[in-house]
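Worksheet: the structure to be examined is printed underneath.
Number of protein chains: 2
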Amino acid sequence: MAIKIDFTPKKKQLAVSEPESVSSLVNGHYGNMLKGVIHLFPDEALYLIDIRNAKCFDSSLNEYRFNNVAAAFERKKQMARYFTYKDWRDRGLIARQVSEICERYGRNSAKKYPNGSLKMDRYALLGRFYADDLWTVIDDEAVGKELYERHWFGQFGSYKAEQRGKLSKLDAYETLFLIRHANMKLENASEAEVICAAKRQHADFLHLYEVYEDWRLQGFVLKTGFKFGTHFRLYFPGASPSRADGEWIHSKHVVHCFPRASKLLISEWARAIRVAHSVKKTFVLAIPGEAKKKRTTKKKEAPQLSTTLDFLLYHRAGGGIENPKTGKPRYLMFSLSEEEHIGGEELADAIEQCKRIGLELLLAICDRETSVTYYHVKRIEVPGSKHEYYEIEWNQP
Amino acid sequence: MAIKIDFTPKKKQLAVSEPESVSSLVNGHYGNMLKGVIHLFPDEALYLIDIRNAKCFDSSLNEYRFNNVAAAFERKKQMARYFTYKDWRDRGLIARQVSEICERYGRNSAKKYPNGSLKMDRYALLGRFYADDLWTVIDDEAVGKELYERHWFGQFGSYKAEQRGKLSKLDAYETLFLIRHANMKLENASEAEVICAAKRQHADFLHLYEVYEDWRLQGFVLKTGFKFGTHFRLYFPGASPSRADGEWIHSKHVVHCFPRASKLLISEWARAIRVAHSVKKTFVLAIPGEAKKKRTTKKKEAPQLSTTLDFLLYHRAGGGIENPKTGKPRYLMFSLSEEEHIGGEELADAIEQCKRIGLELLLAICDRETSVTYYHVKRIEVPGSKHEYYEIEWNQP
Numbered sequence: 001m002a003i004k005i006d007f008t009p010k011k012k013q014l015a016v017s018e019p020e021s022v023s024s025l026v027n028g029h030y031g032n033m034l035k036g037v038i039h040l041f042p043d044e045a046l047y048l049i050d051i052r053n054a055k056c057f058d059s060s061l062n063e064y065r066f067n068n069v070a071a072a073f074e075r076k077k078q079m080a081r082y083f084t085y086k087d088w089r090d091r092g093l094i095a096r097q098v099s100e101i102c103e104r105y106g107r108n109s110a111k112k113y114p115n116g117s118l119k120m121d122r123y124a125l126l127g128r129f130y131a132d133d134l135w136t137v138i139d140d141e142a143v144g145k146e147l148y149e150r151h152w153f154g155q156f157g158s159y160k161a162e163q164r165g166k167l168s169k170l171d172a173y174e175t176l177f178l179i180r181h182a183n184m185k186l187e188n189a190s191e192a193e194v195i196c197a198a199k200r201q202h203a204d205f206l207h208l209y210e211v212y213e214d215w216r217l218q219g220f221v222l223k224t225g226f227k228f229g230t231h232f233r234l235y236f237p238g239a240s241p242s243r244a245d246g247e248w249i250h251s252k253h254v255v256h257c258f259p260r261a262s263k264l265l266i267s268e269w270a271r272a273i274r275v276a277h278s279v280k281k282t283f284v285l286a287i288p289g290e291a292k293k294k295r296t297t298k299k300k301e302a303p304q305l306s307t308t309l310d311f312l313l314y315h316r317a318g319g320g321i322e323n324p325k326t327g328k329p330r331y332l333m334f335s336l337s338e339e340e341h342i343g344g345e346e347l348a349d350a351i352e353q354c355k356r357i358g359l360e361l362l363l364a365i366c367d368r369e370t371s372v373t374y375y376h377v378k379r380i381e382v383p384g385s386k387h388e389y390y391e392i393e394w395n396q397p
Numbered sequence: 398m399a400i401k402i403d404f405t406p407k408k409k410q411l412a413v414s415e416p417e418s419v420s421s422l423v424n425g426h427y428g429n430m431l432k433g434v435i436h437l438f439p440d441e442a443l444y445l446i447d448i449r450n451a452k453c454f455d456s457s458l459n460e461y462r463f464n465n466v467a468a469a470f471e472r473k474k475q476m477a478r479y480f481t482y483k484d485w486r487d488r489g490l491i492a493r494q495v496s497e498i499c500e501r502y503g504r505n506s507a508k509k510y511p512n513g514s515l516k517m518d519r520y521a522l523l524g525r526f527y528a529d530d531l532w533t534v535i536d537d538e539a540v541g542k543e544l545y546e547r548h549w550f551g552q553f554g555s556y557k558a559e560q561r562g563k564l565s566k567l568d569a570y571e572t573l574f575l576i577r578h579a580n581m582k583l584e585n586a587s588e589a590e591v592i593c594a595a596k597r598q599h600a601d602f603l604h605l606y607e608v609y610e611d612w613r614l615q616g617f618v619l620k621t622g623f624k625f626g627t628h629f630r631l632y633f634p635g636a637s638p639s640r641a642d643g644e645w646i647h648s649k650h651v652v653h654c655f656p657r658a659s660k661l662l663i664s665e666w667a668r669a670i671r672v673a674h675s676v677k678k679t680f681v682l683a684i685p686g687e688a689k690k691k692r693t694t695k696k697k698e699a700p701q702l703s704t705t706l707d708f709l710l711y712h713r714a715g716g717g718i719e720n721p722k723t724g725k726p727r728y729l730m731f732s733l734s735e736e737e738h739i740g741g742e743e744l745a746d747a748i749e750q751c752k753r754i755g756l757e758l759l760l761a762i763c764d765r766e767t768s769v770t771y772y773h774v775k776r777i778e779v780p781g782s783k784h785e786y787y788e789i790e791w792n793q794p
């Protein structure tokens, strides 16, 4: 028998009272039970109409179809929310409203990266800066070669063929870093002129540099991530451009920066993660820039409710699925659509909320065909760093 | 013996006169011979200094090192040009100045795509438009299903699981197309409101739509390219969402739009091509929008010289390499660097120049480590279309 939903437009209530339906909905963890009646959330009602052939009527027996019900509960990004909810449910998993958050769940964790530090010898570095395409060339062969071999700054000779040529080429990040940390001089430009030229090509240059400098000072090596579609590729402390046995070392991580003040189309943002994934690199996200406002929550207060996040997600555990009766939620879902913009600030805020609540963040991106891709956001701790970083992993729940 | 280059700063001349060096340079197709003396172009002199240990002196025997010579011939994106020149030469191939273009080479061609056309039955289509996340939902199961199965408009049910649900979801491109070409009505929005909502998320919406509509009217099917990092994926005329035997058909092409008025960081632009390449799709570029000014060249006039393009490239032929003495150039190189911006207009202009000269365009993108990636631009003819499209292929010369 099809489920019958009673809709009371004035009260904005969606209720199911027929006993057989009620028990089926209780088993499926839909809605809230109140005096033998199930009260549904709009997404749940839409789902039951779409998938389980439920019928919805008001007290005068007018039928409310999917679009009618949606119209009665109009809200921001309503379909992105609904399609991601549907996808989670279609996987046999349970999603509930974030308003049900009632404790700190302690189900999030951070990954620890190794620590190191940069120790540089003293060099007399002199280069020429090419402001229009942002390279510094050092044409002193001995110095350039040592800088490359010992610290992997610049590219000596050609990429993967250091013997081809005797110049050392530094990109804009390396240039500014060596000016600031190794006293490099440029024959034709000041530090301010380098910054100005770089900002002309890349308004976010200083934010990207901030990230570059932070990792470099902890002993990591960052080189261009161009081939992997990101800002940088990352090597752990101790990496050098070639191994003793002549083998190339391969980076396992790429770093991409999404400054707080930036706004980006979701499709463009996802593209960067996709390239990294296709070359089997771990995608590390950096969100540089100052937080707009710091909120402080006292330890004992109930965690602040989310305004950005969409659903409380139960996942799998011990061969079965988690549910609100016997278990705890695992993730918070942030529902997004392909054609939507997201800001660095907004994403940082969602991550911060999850941290407070003690759950992990799951970005659910719904494409124009309503197919959903999930990305899992995991915090990274880099000893000595003042910034927070995140691994973003493609996830198939 | 090392090559000795005589530099005359006043005349901006780089000359080699020592007989043994002259004959080696003639064999290598460097510079221009004038009365027994080779006159080098700056990129050639820089290359000989960098790679062949050439030494450069003025008449007072002051040495000019790499940076000194470069400083004397300062120009726009000098290093991007030099590094791409170097890469071509390092491959044993010959690159010459574009000023040597002297004829129409007739070495370009266009790929022909199949033709078709869209024939639609009459439907009574009614949907609700969700302006905030740009979907139209048709909740009439029979109509939505037919629209999907016969013409592959919208997504009926779920992606790759049409039986899951009974709604048809149309994206903004499909919505506008069906309003314009199938008389679809929306219960809560006009055509103008759809356009306005879509432009709010995506300023280039109408340019992308122009491309979508053009292909669709020729019988091609376009769906979201989100999973492949592009605007659309493309199926040739006759495609339907599932085959008789239940097999999924796979798209072989993706379409990406780069409106003339847009400017994009090369690294962001290349990322889209890279995703397509990683999933083995052919990347089709569309440059919608009006050309700024139409230049008309009469057939018999010498082809106009390029101001954007960087080098005339000789490639391989019959087991050997092409050279200016016995052969013709194959490509025109457009040298770019990772951190540079490119405009749709500028790219369209470079393609147009190549077409006039009768050579194919090779984009050479130099990353921050001076590693060069090549992309080959090939014209596509789509019968019945008013636009031009291009296949962009990753190329290893």
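Chains as they are written, first to last, in the numbering used here: chain A, 1 to 397; chain B, 398 to 794. Each residue gets a CB set at the ideal place from its N, CA and C atoms; glycine is no exception.
Simplified DSSP state of residue i, which is helix, strand or coil
i: residue 326/A; result: coil
i: residue 238/A; result: coil
i: residue 315/A; result: coil
i: residue 623/B; result: helix
i: residue 144/A; result: helix
i: residue 615/B; result: coil
i: residue 436/B; result: strand
i: residue 494/B; result: strand
i: residue 308/A; result: coil
i: residue 410/B; result: strand
i: residue 446/B; result: helix
i: residue 733/B; result: strand
Neighbour flag for residue i against chain C, beta carbons, 8 Å
i: residue 621/B; result: Among the protein chains of the structure shown, namely A and B, there is no chain C.
Burial state of residue i (16 or more Cβ within 10 Å)
i: residue 471/B; result: exposed
i: residue 181/A; result: exposed
i: residue 383/A; result: exposed
i: residue 215/A; result: buried
i: residue 410/B; result: exposed
i: residue 345/A; result: buried
i: residue 584/B; result: exposed
i: residue 151/A; result: buried
i: residue 712/B; result: buried
i: residue 27/A; result: exposed
i: residue 558/B; result: exposed
i: residue 562/B; result: buried
i: residue 655/B; result: buried
Bridge partner(s) assigned by DSSP for residue i
i: residue 580/B; result: Looking at the DSSP assignment, residue 580/B forms no beta bridge with any residue, so it has no partner.
i: residue 525/B; result: 534/B
i: residue 63/A; result: 57/A
i: residue 728/B; result: 710/B and 757/B
i: residue 402/B; result: 453/B
i: residue 255/A; result: 232/A and 284/A
i: residue 664/B; result: Per DSSP, none; premise fails for residue 664/B.
i: residue 32/A; result: 39/A
i: residue 718/B; result: 713/B
i: residue 110/A; result: 379/A
i: residue 560/B; result: Note: residue 560/B sits in no beta bridge, so no partner.
i: residue 552/B; result: 566/B
i: residue 176/A; result: Residue 176/A pairs with nothing; no bridge assigned.
Any non-hydrogen atom of the ligand GDP closer than 7 Å to residue i Cβ
i: residue 115/A; result: Here there are no bound small molecules, and the ligand GDP is not part of this structure.
Next item on the list: Please list the segments of the alpha helix (DSSP H) lying wholly inside the region 342 to 395 of chain A, counting only runs of 4 or more residues, in order along the chain.
Entry: Those alpha helix (DSSP H) runs which fall completely within the region 342 to 395 of chain A and span 4+ residues are 344 to 357.
Notebook entry, point to check: With a cut-off of 8 Å, do at least 3 Cβ pairs link the region 476 to 492 of chain B to the region 711 to 729 of chain B?
Noted result: Judged by Cβ distances under 8 Å, the region 476 to 492 of chain B makes contact with the region 711 to 729 of chain B, as three or more pairs qualify.
Notebook entry, point to check: Looking at C-beta atoms only, is the number of pairs between the region 77 to 86 of chain A and the region 193 to 210 of chain A that lie closer than 8 Å three or more?
Noted result: Taking 8 Å as the limit for Cβ pairs, the verdict is that the region 193 to 210 of chain A does not touch the region 77 to 86 of chain A.
Note to self: For the structure I just gave you, are there three or more beta carbon pairs, one from the region 109 to 117 of chain A and one from the region 420 to 429 of chain B, closer than 8 Å?
What the structure shows: Counting C-beta pairs with one atom in each stretch, the region 109 to 117 of chain A and the region 420 to 429 of chain B have fewer than three that are closer than 8 Å, which means they do not touch.
Margin query: Pairs of beta-carbons, one from the region 252 to 265 of chain A and one from the region 278 to 290 of chain A, closer than 8 Å: are there three or more?
Written below: Verdict: yes, contact present.
Check: Taking one C-beta from the region 123 to 132 of chain A and one from the region 332 to 345 of chain A each time, how about it: are there three or more such pairs within less than 8 Å?
Finding: Because the criterion of three Cβ pairs below 8 Å is not met, the region 123 to 132 of chain A and the region 332 to 345 of chain A do not touch.
Notebook entry, point to check: Does the region 361 to 370 of chain A come close enough to the region 612 to 623 of chain B that 3 or more CB-CB pairs lie under 8 Å?
Noted result: Contact check between the region 612 to 623 of chain B and the region 361 to 370 of chain A: three or more CB pairs, one atom from each, fall below 8 Å, which counts as touching.
Check: Quick one: any contact between the region 566 to 576 of chain B and the region 588 to 595 of chain B, if contact means 3 or more CB pairs under 8 Å?
Finding: Yes, the region 566 to 576 of chain B is in contact with the region 588 to 595 of chain B.
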